[in-house]
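Novice: Here you go, one structure.
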Amino acid sequence: MLGLVAICTAAIAGPKFKIAAPLILVVVGIAVGFLPGVPSIEIDPDLILELLLPPLLYSAAVSMPVMDFRREFGAISGLSILLVIVATGLGGVLLWLLIPSLDLAWAIALAAVISPTDAVATSIVKNTGISPRIISILEGEGLLNDASALVMLRTAVAAAAASVTAWGIVGSLVWAVLGAALVGFVVGKINLAVRSRISNITATTVLSFAIPFIAMAIAEEIGASGLVAAVVAGLITGQGAARHLSPSQRMSDSQIWETIEFIIEGTIFLTMGLELHTLVEDLHDGSLASILSASGIALIMLVASVLIRTAFVYPLLHLLRKRRKRREGFRPHLEAAQIRLEGGDPAEAGIEPAALELTKGQKRRIERNRRRAAKRGESESEDWTSEHRESLAARMRRSIADIDYFLASPLTNRDGAVIVWAGMRGAITVAAAQTLPSTTPMRSYLVFIAFLVAVFSLLIQGGTLAAFVRWVKPTAAPSAEDQAAEQRELKVLLDGAKSELLSEWALGPGSGSFNNDDDVAGPNSEGHVPSQIDIIEAQREALIKARDDRQFDSGILAHTLDVLDASQIALEMRERADE
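38 is the number of the first residue of the sequence shown in our numbering; add one for each residue after it.
Given below as structure tokens:
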């Protein structure tokens, strides 16, 4: 009871004092834990890893646009897999040097615990007004890096007892991700198929609670990552919900999962603080010197993790810029191909012939794509069906939209600084550290170090993040004018869908119009009359198609879909009341 009150109070007080609510909860938890009379609180790590994290990651994945996740997958995979491996190796060597009595394998195990950033901790960065690209990268990294860190942890623990090979490590990591992705994909598809056939809103929402645990259980059974499976199931569900679930189902899911996510996040941060007193008591040598030495090592490891992250992020940004330039040079070719596919002339569309000259690299890529198309039975033939042409045109539209996205919001060095500083450690570090086996040398000391790294990271990086963003001045979120312009374009799209629907009903001059929401159209030749719900469904389909073609900003698209859902629910309630 007191915990729920504290979580709500922190959420209300945080914005007033301009302090992130998670930081308040950590500090409150630490203070309460040391009060006289408060019993020692020890949280089973499985409670966090198997009970709290799966639904939390699933909920975050459902709300994350797949369009943004796909676009940023290069950066996300680099940070969530390669960086974790590099940070684990380098951090393990540093810990081995700092704690001479510790074997290298156990040092690497502790470094694996410290290496991943926390998906929950990235919630602190959302209110700083930075570019959505930065937020998408940080959220995607936090969703996936837990798997690679836990695989590295298990490998290091196994290495402490027996020998392991480099190929064994690589194989374990690949299977942990790919096997989990397959399980999550199947569970997500089944979830949509089953829930779309259930009309009881309460029942289908309750059923959604089981999805992350089903995905996790199956993945863990085959030796893959349960957390990644829950994330992929969430991504598939979020992408397909607009097509397969009713507006009432989606709104119910959104409201209830938002509440669950709020409680779980607060619980994780509050219990982190409460555990500090217990961890201090668990130290075999609870002297001040032992506490200070652990604090010093934790600070060194935090600084090292920031430096390693910096050394990784900036070369990654360089590679992303090179890829953006390659795509920018290839854009005219895609646009020309799309125009030809639609029967037009690129020259008449204003595309200069010089812009269509191919570099050697572009020629190789084109030839490679042609070979792949030939294997799929595709060819540049005049006998293409209209469906085939539309499929190719849609593929080109998506590619052009992706290029425009990267050109409109390039990642600068200032953005890289925010990506580095916003990579905070959190609950996953504390929970994973407590899974170290009881035979681990100096176990209490190592768990205490991991806890201090997480707390220092949240308080130092999280506490200064807003000021850091103001100082660095990274790419800001789109201005109100830009958002208004995009909303006007969306309105044109919605009006076009509405007009197209009306033309299909073959309305005559005296049949009425839809100039406002209260207009009613006359019947068509078959006596049917389109309703407002018919219009909303046509507009929703147009929005989903625009989303699939990767047009418009994902946040504005999601908001517009929510508005349509709310309008349809209101109409359905009015119809039920009239009955």
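Each residue gets a CB set at the ideal place from its N, CA and C atoms; glycine is no exception.
(1) Output the residue ranges of the alpha helix (DSSP H) runs that lie fully inside the segment 197 to 265 and measure 4 residues or longer, sorted by chain position.
(2) So what does Ile297 bridge to, in DSSP terms?
(3) What is the C-beta distance between Pro648 and Leu139, in whole angstroms, given that I count them as a contact (C-beta under 8 Å)?
(4) Of the residues Leu60, Ala614, Asp615 and Phe589, which one's Cα is nearest the Cα of Phe306?
(5) Here's the rule I'm using: 16 or more other beta-carbon atoms within 10 Å means buried, otherwise exposed. How should Thr125 be labelled?
(6) Quick one: residues in its chain with C-beta nearer than 8 Å to the C-beta of Asp590, no 5 flanking neighbours on either side, listed in chain order?
(7) Would you tell me roughly how many angstroms separate the C-alpha atoms of Glu178 and Glu612, rounded to the nearest one?
(8) Inspect the beta-carbon positions of Gly66 and Glu312 and report whether they are closer than 9 Å.
(9) Within the same chain, show all residues whose beta-carbon is closer than 6 Å to that of Leu608, passing over the 5 residues directly before and after it, in chain order.
(10) Under DSSP, the alpha helix (DSSP H) around Asp571 begins and ends at which residues?
(11) Just how far apart, CA to CA, sit Leu47 and Val64?
(12) Work out the CA separation of Val343 and Leu320 for me, nearest whole Å.
(13) Quick check: what's the CA-CA separation for Leu187 versus Leu357?
(14) Assign Glu419 to one of three DSSP states: helix, strand, or coil.
(15) What residues in its chain sit with their C-beta under 8 Å from that of Val207, if we drop five residues either side in the sequence?
(16) Do you know offhand how far Ile171's Cα is from Ala454's?
(17) Kindly indicate which three-state DSSP category Ile171 falls into: helix, strand or coil?
(18) Can you tell me where the alpha helix (DSSP H) holding Gly111 begins and where it ends?
(19) Can you tell me whether Thr597 is buried or exposed, with buried defined as 16 or more other CB within 10 angstroms of its CB?
(20) Which residue spans inside the segment 42 to 103 form an unbroken alpha helix (DSSP H) run of at least 4?
(21) Would you kindly work out how many angstroms separate the C-alpha atoms of Glu616 and Ile606, rounded to a whole number?
(22) Would the segment 224 to 238 count as touching the segment 79 to 94 if we require 3 or more Cβ pairs under 8 Å?
(23) In the DSSP assignment, find the alpha helix (DSSP H) that holds Thr477 and state where it starts and stops.
(24) Below 9 Å between beta carbons: does that hold for Phe488 and Thr466?
(25) Quick check: Ile161 and Ala254, are their CB atoms within less than 9 Å of each other?
(26) Sort Ala279, Ile301 and Val42 by Cα distance to Gln576 and report the nearest one.
(27) Give the single residue among Phe54, Gly51, Met104 and Leu90 whose Cα lies nearest to the Cα of Gln588.
(28) Quick check: the Cα distance between Leu244 and Asp439, rounded to an integer number of angstroms?
(29) How would you label Ala309, buried or exposed, when you count the other beta carbons within 10 angstroms and need 16 or more for buried?
(30) Can you tell me whether DSSP reads Ala514 as helix, strand or coil?
(31) Tell me whether Ala335 is buried or exposed, calling it buried when 16 or more other Cβ atoms sit within 10 Å of its Cβ.
(32) Measure how close the beta-carbons of Ala374 and Met433 come, nearest whole angstrom, since I'm counting them as under 8 Å.
(33) Quick one: what does DSSP say Ala459 is sitting in, helix, strand or coil?
(34) Any idea what DSSP makes of Phe367, helix, strand or coil?
(35) Can you name the start and end residues of the alpha helix (DSSP H) that Phe505 belongs to?
(36) Whether or not the segment 215 to 235 and the segment 267 to 284 are in contact is what I'm after, with contact meaning three or more pairs of Cβ atoms, one per stretch, closer than 8 Å; do they touch?
Specialist: To lay it out plainly:
(1) Correct list: 203 to 232 and 238 to 258.
(2) Per DSSP, none; premise fails for Ile297.
(3) In the structure displayed, the chain extends from 38 to 616; residue 648 sits before or after that span and is not available.
(4) The candidate whose alpha carbon is nearest that of Phe306 is Leu60.
(5) buried
(6) Pro169, Pro515, Gln520 and Glu523
(7) 45 Å
(8) yes
(9) Correct list, in chain order: Gln569 and Ile570.
(10) Gln569 to Asp585
(11) First, the residue type needs correcting, since residue 47 is Ala and not Leu in the sequence shown. Computed Cα separation, rounded: 11 Å.
(12) 27 Å
(13) 27 Å
(14) Confidence is the limiting factor: at Glu419 the pLDDT is only 45, short of 50, which leaves the residue's position unreliable, though a coordinate-based value still follows. In the three-state reduction of the DSSP assignment, Glu419 falls in the coil class.
(15) none
(16) Distance from the CA atom of Ile171 to the CA atom of Ala454, rounded to whole angstroms, is 10 Å.
(17) helix
(18) Phe110 to Ser114
(19) buried
(20) 58 to 70 and 90 to 100
(21) 15 Å
(22) These segments do not touch.
(23) Note, Thr477: premise wrong, no alpha helix (DSSP H); not H, not E.
(24) Note that the C-beta distance between Phe488 and Thr466 is below 9 Å.
(25) no
(26) Ala279
(27) Met104
(28) 35 Å
(29) The amino acid occupying residue 309 in the given sequence is Met; Ala does not appear at that position. Answer is buried; the Cβ neighbour count reaches 16.
(30) coil
(31) buried
(32) 6 Å
(33) coil
(34) helix
(35) Gly500 to Val509
(36) yes
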